[in-house]
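J.:
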Amino acid sequence: MKNQLLKKLCIGLVILVSANLFAQEGTVSGTINSEIDGLPLPGVSVIVKGTNRGVQTDFDGDYSIKCRVGETLVFKYIAMTTKEVKVTSSMLGLESNDFFVDEIPIKPIENDAYKNAIKTTSNTPFNVPSLDLSNKTYNKVNNYQYNRIKDIKVKENKVDLNYFDSDIYFEIKFNSKFGTQFFKDENLPKLQSVYVQGASLNGELAFLGAETGNPFSYGPKLSNLEFDGSTYDYDVNGQLVALGSGNGTVSNPYDNAVLQTTYKTDNTLSFSASTDGSILEFNYSNTLFKDVFNRERSVSDFMKISFNQSYRNSKKLLWEAYLKYGKNRDNQPNINGFLNNTLLNAWATPVSFSNAQNPVLTNNTQRRFNANFNNPNWLLDNNRNAEKNKFFVAYLKNGIELSETINIHNSLSYTKNTDTQNFGLVTNSAGFDDGYSSDKTIEKNVFNAILDFEYESDDHKNEIKVISKLDFSSEDLTYNLHEGIGFNPFSFENPQTINTINNRLNRNTLQILNKFTYGLNYSDVEFTVGNNSYISSVQNNKWALPFLQLNADIERIFDIYGFTFFNIYALTSFDVNNASLFYNNQSHNSLGLLPSQSLSYTANNDLFLSDAIDLEEKRSYQFGVDFEFYLSHNYFRFDLGYFNTQTKGSVFPIFENNNYALKNIADVTNKGLEMSLHSRLRITDNFDYNSSFVFSTNNAKVTSINSDEERVPIAGFSSVSKNLIVGESAGVIVGSAYARDNQNNIIIDNEGFPLVANQPQIIGDPIPDFNFGIKQSFVWKDLELKVVLDIQKGGDVWNGTQNVLNYLGRSQQSANERTITNFIFSGVNQLGQQNTVPVDFYNPQNDISQNRFVRYGFSGVDEAAIQDGSYVNLKSIDLSYNFEFDNDHSTFIRELTLSLYANNLITWAKFDGASPYRSLYDTPSSLGLNFFNMPITSEIGFMLNIKI
182 MKNQLLKKLC IGLVILVSAN LFAQEGTVSG TINSEIDGLP LPGVSVIVKG TNRGVQTDFD
242 GDYSIKCRVG ETLVFKYIAM TTKEVKVTSS MLGLESNDFF VDEIPIKPIE NDAYKNAIKT
302 TSNTPFNVPS LDLSNKTYNK VNNYQYNRIK DIKVKENKVD LNYFDSDIYF EIKFNSKFGT
362 QFFKDENLPK LQSVYVQGAS LNGELAFLGA ETGNPFSYGP KLSNLEFDGS TYDYDVNGQL
422 VALGSGNGTV SNPYDNAVLQ TTYKTDNTLS FSASTDGSIL EFNYSNTLFK DVFNRERSVS
482 DFMKISFNQS YRNSKKLLWE AYLKYGKNRD NQPNINGFLN NTLLNAWATP VSFSNAQNPV
542 LTNNTQRRFN ANFNNPNWLL DNNRNAEKNK FFVAYLKNGI ELSETINIHN SLSYTKNTDT
602 QNFGLVTNSA GFDDGYSSDK TIEKNVFNAI LDFEYESDDH KNEIKVISKL DFSSEDLTYN
662 LHEGIGFNPF SFENPQTINT INNRLNRNTL QILNKFTYGL NYSDVEFTVG NNSYISSVQN
722 NKWALPFLQL NADIERIFDI YGFTFFNIYA LTSFDVNNAS LFYNNQSHNS LGLLPSQSLS
782 YTANNDLFLS DAIDLEEKRS YQFGVDFEFY LSHNYFRFDL GYFNTQTKGS VFPIFENNNY
842 ALKNIADVTN KGLEMSLHSR LRITDNFDYN SSFVFSTNNA KVTSINSDEE RVPIAGFSSV
902 SKNLIVGESA GVIVGSAYAR DNQNNIIIDN EGFPLVANQP QIIGDPIPDF NFGIKQSFVW
962 KDLELKVVLD IQKGGDVWNG TQNVLNYLGR SQQSANERTI TNFIFSGVNQ LGQQNTVPVD
1022 FYNPQNDISQ NRFVRYGFSG VDEAAIQDGS YVNLKSIDLS YNFEFDNDHS TFIRELTLSL
1082 YANNLITWAK FDGASPYRSL YDTPSSLGLN FFNMPITSEI GFMLNIKI
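Numbered per the numbering used here, the sequence shown spans residues 182 to 1129.
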């Protein structure tokens, strides 16, 4: 019990001494805060066990109660485990009883009144009358609130208690945040700005403009060229010619950067009114931000009104209710990979071509550097992309305390969520030459009802807890997709081809939980056994999902000095995954495309749950230790846990019969370690140092596949993808690789370049060796500095972005290596002999197809794109100052905090130009695949928090 409460509440008992030494009586005072957000907890009941003496924490979480040494204080709060603390002399600031002198009998003082009372004494029992046992009715407002009784009027069958009015506390909070978002150059791909669009021609390097169909930037140096001033559709300055052959207008590299510095604002206003047992609160928040191209403004609004009433009324009822409504509109979402494709077109553009000049030619077609690509400004000017989301939640919870041992809770909730995705590109767009539009709407309605029965009893030594819970849900999903192809120029009206898909699904589920816990010796040791049942109207049912848990508090068993608790635990359980009616993981949509076809990518091959899919079954083992102790004024907590989870029948999309369908395709085992250390050190009276270190590993292995194929692709492209392969990590990267002999030597062809293997190979494992998080906090008086570091070691990344930029000649790597000559690749020839053939990476005498990078195609050799995914990211840094105000009724402002913050300010990574937190097309299974993913965004700004 002790450990469970500490996980919920951080109780600081600030002891104030006001006691009579000989009577061993005094006052215990303190403040109760939530460990989750650190905010005060109003309404916590603090009762002297076995008496009617009790108080509640006020709005600031403060309490003060009179008690005696040896009595027990009971702390109760809604949905929290009860905490009992025995009052000691030290808590009252008194000396230990060990220092008391022996009692010396004294002669009683006897006067006449005393003697007469002794003579007339009677052994007849006498009970003090109780209102609760009286046949008279009375009005009772709050338990233990007798200090609020104004007067008492006794009538024949009724007692009228006249109470003082309850205090009402009002609070207004306003939080405002303004940030500037930007992209640091070191977090972007390294692009060259020296060589122009062109290639080798007749033995020389030549400028080959947009009209030639050449996509490469393997032409001459820009500094060797100038404009000729001629009329040229693709540049207002004319064509580029050799120095001295034009009009003398200097040719400078064009800036085709599309990622811009933007802003973001968040404002939140909340108002609350509370009494001793009730809280009414209203919250409103608004978010405004510009997209990464500084083109479109998006907005989000959220509102919530809530009411809470605790058990402290006479009927021992709990009420909790809230309404939530929100809507947001993103006017530049990554639907159908729009952001990825915009970056591809921008970074592929040669430095000799300006995208900023009019993206439309005089004949109303697109002005671009090559017909297989797009002008990014054409995409940004001629799309209809937007994603709109609306949600509504209504929630009502009721709890009743039938007795000191029995509680019943029930809740009802209704949720409606509507997501609308609009996408469209006009005709003459690469990837959608005839134009394309799609409108997708997904509406979900969920009704949920929960009935929870709790029984708890103890005989002051052993404890029994019983929980029975019924959780019923009814879900309704409506799906509509409308696609149009074949439009008139710059129009999305009257498509030549229309495709419409409608679907509606319904599912009812019932989950049943029964749990029994037996605690020995004041819960020093707890045994928990129980069973979950899952019943579904769509999938199969699972009635027997047992679990067993053992907890032992070593500190309480052996009374370890200085430790608050020292727990060891072990758990084994069976469970199932509750799959969604709509399969949100759309990673399979790109598997039918080559990287060179990515401009035509759409994510509309949507999949749904069906009765052909069984529940994913999980079996888990966990064990660990956690302890907490104080050393002087310093606090330490350590947690260590090991887990092993076996998932049977993991569901993934499988390509069968020329279509994708969900299937229970694989069994996967996850093993890992989680370790954390938290500390709070008091350096001086005015300086504190807080730290948290979190270390984790997770090794996912495929143990079996329900397929005739040796591997199952789950994300990526047709040529390079993440796969399920028996005996390998889940999601290993498979792609093209260099051919090797039995001794693992790379085989070199007759021209001196490495050969590519005939079959795809395993080329990378995206699962990291470990992740490590560090949070540091330095507090000096009212000034606080917080720093968060995110660290990852290992994990492979396929950097397809780099390979494509190498192919096109736009990367800095291609510029650096194009002049390399007489290079001999390490390896053996096809006869097994050591390679001795020298090569030039880019010889103008040879055709461009013989170039070091071009020869391997658009996306190159996938093995060459594998990079180490290790990184260190300064995730956030926050400097705040809290202004102190007198906490009385004469002060208008109660709290004021000003903060400066920075997110992702510094990132050290072994892979270039990608965010470690983004995946291919932002789909869940595609993490570790980088193909023009959005780079990491940095942000700096300030925050203002006011409480009045």
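We treat Cβ as the ideally placed atom computed from N, Cα and C, and that holds for glycine.
Closer than 7 Å: is that where the CB of Phe1112 sits relative to any heavy atom of the ligand SAM?
T.: The ligand content of the structure shown is nil, which means the ligand SAM is not present either.
J.: When you compare each of Ile631, Phe550, Tyr399 and Gly1013 to Leu386 by their alpha carbons, which one comes out closest?
T.: When only C-alpha atoms are compared, the closest one is Tyr399.
J.: Quick one, are the C-beta atoms of Ser594 and Asn570 less than 8 Å apart?
T.: It is not a contact, given that the beta carbons lie outside the stated cut-off.
J.: What is the DSSP secondary structure of Asn437, reduced to helix, strand or coil?
T.: Three-state result, Asn437: coil.
J.: Look up Val1035 in the DSSP assignment and say whether it is helix, strand or coil.
T.: The answer is helix: DSSP assigns Val1035 an H, G or I state.
J.: Would you tell me roughly how many angstroms separate the C-alpha atoms of Asp950 and Arg737, rounded to the nearest one?
T.: Computed Cα separation, rounded: 37 Å.
J.: State buried or exposed for Ser619, treating a residue as buried only when at least 16 other CB atoms are found within 10 Å of its CB.
T.: That one is buried.
J.: Closest by CA to Leu406, which one among Ser426, Asn838 and Gly954?
T.: Answer by Cα proximity: Ser426.
J.: So the candidates are Thr449, Ser777, Val968 and Asn1126; which of them puts its Cα closest to the Cα of Asn1054?
T.: That would be Val968, whose Cα lies nearest to the Cα of Asn1054.
J.: What are the boundary residues of the beta strand (DSSP E) that Ile1087 is part of?
T.: Neither: Ile1087 is in no beta strand (DSSP E) and is coded neither H nor E.
J.: Just grab the DSSP bridge partners of Asn747 for me.
T.: One point to set straight first is that residue 747 is Phe, not Asn, in the sequence displayed. Answer is Phe808, bridged to Phe747.
J.: How many Å lie between Thr1215 and Pro1097 at the Cα?
T.: The requested residue 1215 is not part of the displayed model; the chain covers only 182 to 1129.
J.: Under 6 Å Cβ to Cβ from Ser592, same chain only, skipping five residues before and after it: list those, please.
T.: Counting only Cβ-Cβ distances below 6 Å, and skipping sequence neighbours, we find Lys578 and Ile631.
J.: With burial defined as no fewer than 16 other Cβ atoms inside 10 Å of the residue's Cβ, what is the status of Phe739: buried or exposed?
T.: Phe739 should be labelled exposed.
J.: May I have the straight-line CA-CA distance separating Ser902 from Ile914, to the nearest angstrom?
T.: When rounded, the distance between both Cα atoms is 6 Å.
J.: On a CA-only basis, which of Ser768, Leu498 and Thr622 is nearest Ser584? Give me that one, please.
T.: Taking only the C-alpha atoms, the option nearest Ser584 is Leu498.
J.: Rounded to whole angstroms, what is the Cα-Cα separation between Asn556 and Met1124?
T.: Distance between the alpha carbons of Asn556 and Met1124 is about 38 Å.
J.: Over the uninterrupted alpha helix (DSSP H) stretch that includes Phe364, give me the two end residues.
T.: Premise fails: Phe364 is in no alpha helix (DSSP H) and is neither H nor E.
J.: Between which residues of its own chain and Asn356 is the CB-CB distance below 6 Å, once the five residues before and five after are set aside?
T.: Counting only Cβ-Cβ distances below 6 Å, and skipping sequence neighbours, we find Thr449 and Asn1126.
J.: Compute the Euclidean distance between the alpha carbons of Lys642 and Asp963, then round it to the nearest angstrom.
T.: Using only the alpha carbons, I get a separation of about 45 Å.
J.: Could you tell me the distance, in whole angstroms, from the CA atom of Leu202 to the CA atom of Lys257?
T.: Note that Leu202 scores a pLDDT of 31, beneath 50, so its modelled location is shaky and nothing firm can be said.
J.: Does the region 1078 to 1094 come into contact with the region 1103 to 1123, if we say contact requires no fewer than three beta-carbon pairs (one atom in each stretch) closer than 8 Å?
T.: With a cut-off of 8 Å, the region 1103 to 1123 and the region 1078 to 1094 count as touching, because enough Cβ pairs lie within range.
J.: With distance defined between alpha-carbon atoms, name the residue in Glu477, Thr430 and Ile581 nearest to Trp500.
T.: Ranking the options by Cα distance to Trp500, first place goes to Ile581.
J.: At which residues does the alpha helix (DSSP H) containing Glu998 begin and terminate?
T.: That run of the alpha helix (DSSP H) goes Gln993 to Glu998.
J.: For a test of the three-state rule: what should DSSP assign to Asn1114, helix, strand or coil?
T.: If DSSP states are grouped into helix, strand and coil, Asn1114 belongs with coil.
J.: Assuming Thr826 contacts Ser801 under a Cβ cut-off of 8 Å, what Cβ separation, rounded to an integer in Å, is found between them?
T.: Yes, Thr826 and Ser801 are in contact; Cβ-Cβ is about 5 Å, under 8 Å.
J.: If you measure between the beta carbons of Val1009 and Glu932, is that distance less than 8 Å?
T.: Not closer than 8 Å, so no.
J.: So who's on the other strand from Gln490, going by DSSP bridges?
T.: In DSSP, Gln490 forms a bridge with Ser459 and Trp500.
J.: Using a Cβ-Cβ cutoff of less than 7 Å, which residues in the same chain neighbour Arg863 once the five nearest sequence positions on both sides are dropped?
T.: Cβ within range, chain order: His814, Asn815 and Asp869.
J.: Do Val1042 and Ser917 have their CB atoms nearer than 8 Å?
T.: Cβ distance < 8 Å, so Val1042 and Ser917 count as in contact.
J.: Can you give the Cα-Cα distance for Ala428 and Gln420, rounded to whole angstroms?
T.: With the sequence shown as reference, residue 428 is identified as Asn, and Ala is not the correct amino acid for it. The alpha-carbon atoms of Asn428 and Gln420 are separated by roughly 10 Å.
J.: Rounding to the nearest angstrom, what Cα-Cα distance links Phe572 and Asn839 in this structure?
T.: Those two C-alpha atoms are separated by around 36 Å.
J.: Just confirm the distance between the C-beta atoms of Pro370 and Thr982, as a whole number of angstroms; I'd bet it's less than 8 Å.
T.: Their Cβ separation, rounded to whole angstroms, is 6 Å, which keeps Pro370 and Thr982 in contact under 8 Å.
J.: From this set, Asn980, Glu568, Arg549 and Glu965, which residue's C-alpha is nearest Ser533's C-alpha?
T.: Measuring from the Cα of Ser533, the nearest candidate turns out to be Arg549.
J.: Kindly indicate the opening and closing residues of the alpha helix (DSSP H) around Asp562.
T.: Run containing Asp562: Pro557 to Asp562, per the alpha helix (DSSP H) assignment.
J.: Measure the beta-carbon distance from Gly897 to Leu772 and round it to whole angstroms, keeping in mind my assumption that it falls under 8 Å.
T.: Between Leu772 and Gly897 the Cβ distance is about 7 Å, and since that is below 8 Å, they are a contact.
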